[in-house]
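Asker: This is the structure I have questions about; it appears just below.
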Amino acid sequence: MDNRKGMLLVISGPSGVGKGEMVKAIMAEDDSLVFSVSATTRARRDYEQEGVHYYFKTMEEYKRLVSEDAFVEYAEVYGNHYGTLKSEVYQRMEKGQNVVLDIDSQGAMMVLEKMPECVSIFLLPPSYKELRRRLEGRGTESAETVEGRMAKAAREISRKDRYEYIVVNDNFDEALSQVRAIIAAEKHKRTRFNPDVPQE
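Under the working numbering, the first residue of the sequence shown is numbered 8, with each subsequent residue one higher.
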């Protein structure tokens with residue numbers, strides 16, 4: 008019988024490193040990987056369902072949750088507040104699901120403090136030159152935006168030593184294989200997977 012407990016997987020990296028593509032790739036091939044449903048103060052859109060897309064909270068409710076230390080991490084984005092609920096993460100982990108958090112290093116530092124047992128991976132570019140090339144190659148950002156992203160990338164990369172694993176995304180397929188190997192090894196840690204051996 009598989010009594011495997013789930014884990015919290017934190018993936019960070021600077022803009023342009025291929026983090027979104029990496030998360031999409033690992034989730035497409037592993038059914039045990041899930042996103043947690045975040046809480047937000049943002050207004051609900053017509054198609055959105057409570058508990059499916061988000062947990063919609065008033066500002067008062069959100070502040071109460073912050074004061075109760077109910078979030079693994081939380082942040083303000085363009086005037087709206089978002090947070091990952093501890094209860095949501097633990098509930099999914101108890102079911103054997105592996106919760107993926109695709110967050111910046113600032114949010115990750117919060118998670119590492121509140122849930123040190125999480126598995127943290129930092130995706131590094133092969134060089135700053137290559138990172139700049141990727142950002143400029145998108146063709147969607149102004150020179151000023153690229154400079155801002157490069158400055159933020161340096162801040163993100165300065166926190167890389169706080170992560171358990173570092174993967175250099177030079178060749179995407181090789182980097183994906185390394186992330187797969189990390190996840191596979193972590194799933195078999197005794198603290199998560201310790202089955203009884205049947206007599207027969």
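Backbone N, C-alpha and C define an ideal beta-carbon position, used for all residues, glycine too. Since the structure is predicted, the reported quantities are computational estimates derived from the model, not experimental observations.
Reducing DSSP to helix, strand and coil, say where Glu57 ends up.
Answerer: In the sequence shown, residue 57 corresponds to position 50, counting from 1. Three-state DSSP puts Glu57 in a strand.
Asker: Below 8 Å on the Cβ atoms is my guess for Gly90 versus Tyr81; work out the distance and round it to an integer in Å.
Answerer: The residue labelled residue 90 in the question sits at position 83 within the sequence shown. The residue labelled residue 81 in the question sits at position 74 within the sequence shown. Indeed they touch by this definition, with Cβ atoms about 3 Å apart.
Asker: Whose C-beta lies closer than 8 Å to the C-beta of Leu131 among residues of the same chain, with five residues either side of it excluded?
Answerer: Stepping through the sequence shown from its first residue, residue 131 is reached at position 124. The residues are Gly20, Val24, Ile164, Lys167, Ile173, Val174, Val175, Asn176.
Asker: Let me confirm a value: Ala46 is counted as buried when at least 16 other C-beta atoms fall within 10 Å, else exposed. Which label applies?
Answerer: Indexing the sequence shown from 1 puts residue 46 at position 39. That one is buried.
Asker: Output the residue ranges of the beta strand (DSSP E) runs that lie fully inside the region 152-191 and measure 3 residues or longer, sorted by chain position.
Answerer: Fully enclosed beta strand (DSSP E) runs of 3 or longer: 172-175.
Asker: So Tyr85 is in the alpha helix (DSSP H); what residue range does that whole segment cover?
Answerer: Here residue 85 refers to the residue found at position 78 when the sequence shown is read from its first residue. Note, Tyr85: premise wrong, no alpha helix (DSSP H); not H, not E.
Asker: Which runs of the alpha helix (DSSP H) at least 4 residues long sit entirely within the region 103-161? Give them in chain order.
Answerer: Complete alpha helix (DSSP H) runs here, min 4: 112-121, 135-144.
Asker: Out of Glu55, Asp53, His88, Val79, point me to the one whose CA is closest to Glu67's CA.
Answerer: The count along the sequence shown starts at 1 and reaches residue 67 at position 60. Considering only alpha carbons, the answer is His88.
Asker: Just confirm the distance between the C-beta atoms of Ser43 and Arg99, as a whole number of angstroms; I'd bet it's less than 8 Å.
Answerer: One-based indexing of the sequence shown puts residue 43 at position 36. One-based indexing of the sequence shown puts residue 99 at position 92. 6 Å between Cβ atoms; contact.
Asker: DSSP three-state label for Ala50, please.
Answerer: Along the sequence shown, read from residue 1 onward, the residue named residue 50 stands at position 43. Note: Ala50 maps to coil in three-state DSSP.
Asker: Hey, Val30 and Val107: beta-carbon distance below 8 Å or not?
Answerer: Within the sequence shown, residue 30 is the residue found at index 23, counting from 1. Within the sequence shown, residue 107 is the residue found at index 100, counting from 1. Yes, the pair counts as a contact, with Cβ atoms nearer than the cut-off.
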